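Chemist:
Shown next as structure tokens:
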């Protein structure tokens, strides 16, 4: 198993849901518009790949994003993200509502955010992370600065660690090897 601190491992063992931002987390933060005004974004397939394993172990996935983008809605639907909220102005309020609705405690939620508008959640959740290229102020307020940049597998890095810490990753690998 990869070497994680005891504190991170203990936090990860409790996680029942992973919440995350999109721009700067699932993407590198770039927004591309063509001459017709159509938006496109680059997503990393590795982030999408791990979602089915989180679902297999009843770890909920939730997107809370400040932008409202059809491209992001399509990606959330494609990945079967459990819940996704777009155009959110107050991420902290959505977080609190979801905690109640999903019957979760702060300690059971991990969150990845890359910018200062994510701080209301990052300061409350049980395991807070930012991509390697997250805002410097955010880096000062999280439990873990990931080694991956936004759009380069940041969600995958956190999900792998959670599954490893909970003893589920070896089971996943063993099932795949026997398939």
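In this note's numbering, the protein residues as written are 95 to 273.
Just so you know, even glycine gets a beta-carbon here, dropped at the ideal spot from N, CA and C.
On a predicted model such as this, the values are computed, not experimentally measured, just so you know.
DSSP on residue 109, reduced to helix/strand/coil?
Modeler: Mapped onto the chain shown, residue 109 falls at position 15. Residue 109 falls in the coil class under three-state DSSP.
Chemist: Roughly how far, in whole angstroms, is the beta-carbon of residue 98 from the beta-carbon of residue 157, given that I think they are within contact range, below 8 Å?
Modeler: Translated into positions along the chain shown, residue 98 becomes position 4. Translated into positions along the chain shown, residue 157 becomes position 63. Not quite, the Cβ-Cβ distance comes to about 25 Å (not below 8 Å), so this is no contact.
Chemist: DSSP has residue 259 in a bridge; who is on the other side?
Modeler: Counting from one through the chain shown, the residue named residue 259 turns up at place 165. Its beta-bridge partners do not exist; DSSP assigns none.
Chemist: Going by DSSP in three states, residue 236 sits in which element: helix, strand or coil?
Modeler: What you label residue 236 is simply residue 142 of the chain shown in a count that begins at 1. Coil, per DSSP.
Chemist: Does the structure place the stretch 238-252 close enough to the stretch 201-221 that three or more beta carbon pairs sit under 8 Å?
Modeler: In this structure the stretch 201-221 touches the stretch 238-252; the number of beta carbon pairs closer than 8 Å is three or more.
Chemist: Residue 221 lies in the beta strand (DSSP E); which residues open and close that run?
Modeler: The count along the chain shown starts at 1 and reaches residue 221 at position 127. First-last of the beta strand (DSSP E) with residue 221: 221-224.
Chemist: According to DSSP, which residues form a beta bridge with residue 155?
Modeler: If you number the chain shown from 1, residue 155 lands on position 61. Residue 155 pairs with 112.
Chemist: Does the structure place the stretch 123-143 close enough to the stretch 228-247 that three or more beta carbon pairs sit under 8 Å?
Modeler: yes
Chemist: Do the stretch 265-273 and the stretch 212-227 touch if we need at least three Cβ pairs shorter than 8 Å?
Modeler: Counting Cβ pairs under 8 Å, fewer than three are found: no touch.
Chemist: Verify whether the separation of the beta carbon atoms of residue 163 and residue 136 is less than 8 Å.
Modeler: Counted from its first residue, the chain shown places residue 163 at position 69. Counted from its first residue, the chain shown places residue 136 at position 42. Not closer than 8 Å, so no.
Chemist: Just the Cα atoms here: how many angstroms apart are residue 201 and residue 182?
Modeler: Stepping through the chain shown from its first residue, residue 201 is reached at position 107. Stepping through the chain shown from its first residue, residue 182 is reached at position 88. Looking at the two C-alpha atoms, the distance is approximately 23 Å.
Chemist: Within the continuous beta strand (DSSP E) that includes residue 206, where are the two ends?
Modeler: For the purposes of this step, residue 206 is identified with residue 112 of the chain shown, where counting begins at 1. Note, residue 206: beta strand (DSSP E), 203-206.
Chemist: Looking only at its chain, what residues have a beta carbon closer than 8 Å to the beta carbon of residue 193, apart from the 5 residues adjacent to it on each side?
Modeler: What you label residue 193 is simply residue 99 of the chain shown in a count that begins at 1. If we look at residue 193 and ignore the five residues flanking it on each side, its Cβ neighbours are 199, 200, 203.
Chemist: Would the beta-carbon of residue 175 fall within 8 Å of that of residue 253?
Modeler: Indexing the chain shown from 1 puts residue 175 at position 81. Indexing the chain shown from 1 puts residue 253 at position 159. No. Outside cutoff.
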